[in-house]
Amino acid sequence: MVNTLNKPEFEELRPGIKIPAKETILTPRFYTTDFEAMAKMDISPNEEELRAILEEFRADYNRHHFIRDEEFNQSWDHIDGETRRLFVEFLERSCTAEFSGFLLYKELGRRLKDKSPVLAECFTLMSRDEARHAGFLNKAMSDFHLSLDLGFLTKSRKYTFFKPKFIFYATYLSEKIGYWRYITIYRHLQQHPANRIYPIFRFFENWCQDENRHGDFFDAIMRAQPDTLNDWRAKLWCRFFLLSVFATMYLNDIQRSGFYASIGLDAREYDKYVIEKTNDTAGRVFPVILDVEKPEFYERLETCIQNNEKLRSIDNSNRPQPLKLLAKLPLYLNNAWQLVKLYFIKPIQVDKLAGTVR
Ligand SMILES: [Fe+2]
Ligand SMILES: [Fe+2]
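Heads up, the sequence shown is in the UniProt record's numbering, so the first residue is 1 and it goes up one at a time.
In structure tokens:
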């Protein structure tokens, strides 16, 4: 018998189709870019490496990986209450992030087809991978009697415009952080199989190799465009993107620590490990990385977490709107201040570390 009392309520667009989560500054973003500029890019300085990566994409190692096996064929109603809510949220956020990659890469593949065939094919093959990832996650949502209408999502979401070089920084980091997130969960559950309460995590090992290859592609593209890495502006932007990616993940995950606890992970430890690894990885291509070992780094992020908790409780109170806004303003300002201070923590110059981190 289904115990409806233990099932969290989700708002539905149609029966079984979940209304997408409200967009906030912390939800996965959809991107668009200057396709003309991308098509004109000269990739010859690193064409050989890009062609080698294209061969890897063509090999399609995960062609037969994303197939649901019999372990999925059971009722998941025993995952209930708050855990169920957090699970569905995790699947939705992951699916949205994967799908956002799919849309961007697919469009790039289409628009670059006749003008920059090597890049175009790389993008098309990466969109193939992201479609598999998003589809697999959406199918997993249907185990919880919900799914996302991806066509609706395509039309209803706002798209953020980024110049090509910002697309490279942002997608490079999101692919590499994706790699470290998936592999860390996979390894943890390999050591603690009792915590593997749902079969999707078993797929993360090969899955994260897709993300790693995608990251390597953006690494190679940035090397083909040395001005994305060499000057003082590049250093400032790399710091900016590292900080935004790390801060967004940390604030999101700590707020959802219950999800990580349900698979036996401490959200703070998990995030710190993923950030340390992604930061080190970024040091292979970025001219600077962040000093994440400085205690101030996490102290300031923790202040933002406390501010966000207060913001949520103000939102949930029944004060009139103008009073809410007045109460929220200093917290917003304090968050902005923490992020500015974080940005100005002295970074680590990678060129000085040659041979160590690299
Ligand atoms: Fe993916
Ligand atoms: Fe990817």
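Quick reminder that beta carbons are idealized off the backbone N, C-alpha and C, glycines included. Treat the numbers as computed from the prediction; the structure is a model and nothing was measured.
In the DSSP annotation of this structure, the continuous segment of the beta strand (DSSP E) that includes TYR159 starts and ends at 159-162. Secondary structure of THR24 (DSSP, three-state): coil. The beta-carbon distance between ALA134 and GLU92, rounded to whole angstroms, is 11 Å. This is too long to meet the 8 Å contact definition.
In terms of CA proximity to ALA234, PHE166 leads the group ASP114, GLU82 and PHE166.
In this structure the region 231-250 does not lie against the region 136-153, because fewer than three pairs of beta carbons, one per stretch, are closer than 8 Å.
VAL88 is classed as buried because its beta carbon has at least 16 other beta carbons within 10 Å across all chains shown.
Contact annotation: TYR182 and PHE217 have beta-carbon atoms that are not nearer than 7 Å. Ranking PRO164, VAL288, HIS78 and GLN190 by CA distance to the CA of PRO8 puts HIS78 first. Only residues of its own chain outside the window of five on either side were considered, and among them ALA327 have a CB closer than 8 Å to the CB of ARG319, listed in chain order.
The shortest CA-to-CA distance from LYS158 to any of ASN307, ILE25, GLN321 and ALA59 is the one to ILE25. If you draw a straight line from the Cα of TYR179 to the Cα of VAL274, it is about 9 Å long. In the DSSP assignment, GLU309 falls outside any beta strand (DSSP E) and within the unbroken alpha helix (DSSP H) covering 295-316.
Secondary structure of GLU12 (DSSP, three-state): strand.
If you ignore the 5 residues before and after ARG85, its C-beta comes within less than 6 Å of the C-beta of PRO8, all in its own chain and listed in chain order. ILE67 sits in coil when the DSSP states are folded into three classes, being neither helix nor strand. The beta carbon of HIS65 sits no closer than 6 Å to any heavy atom of ligand 1.
In this structure, MET38 places its C-beta atom within 7 Å of the C-beta atom of PRO164. In the DSSP assignment, TYR198 falls outside any alpha helix (DSSP H) and carries neither an H nor an E. In the structure shown, the three-state DSSP call for GLN191 is helix.
Annotated as distal: LEU103 and PHE123, with beta-carbon spacing of 7 Å or more.
Secondary structure at VAL288: strand, using DSSP grouped into helix, strand and coil.
A contact is defined here as three or more CB-CB pairs under 8 Å, and the region 323-342 fails this definition with respect to the region 256-276. Cβ-Cβ separation between GLU49 and ALA261: approximately 41 Å, too far for a contact (criterion under 8 Å).
When the beta-carbon positions are compared, PRO199 and GLU71 come within less than 7 Å of each other.
The shortest C-alpha to C-alpha distance from GLU276 to any of TYR105, LYS176 and ALA170 is the one to LYS176.
Judged by DSSP secondary structure, THR154 falls within the alpha helix (DSSP H) whose first and last residues are 150-156.
SER317 and ALA21 have their alpha carbons spaced roughly 21 Å apart. The shortest CA-to-CA distance from THR228 to any of PRO28, PRO287, ARG14 and ASN195 is the one to PRO287. Excluding its 5 nearest sequence neighbours in each direction, PRO193 has no C-beta neighbour in its own chain below 8 Å.
The beta carbons of LEU242 and LEU173 sit about 7 Å from each other, so the pair counts as a contact at 8 Å. Look at GLN225 here: in three-state DSSP terms it is coil, with no helix or strand label.
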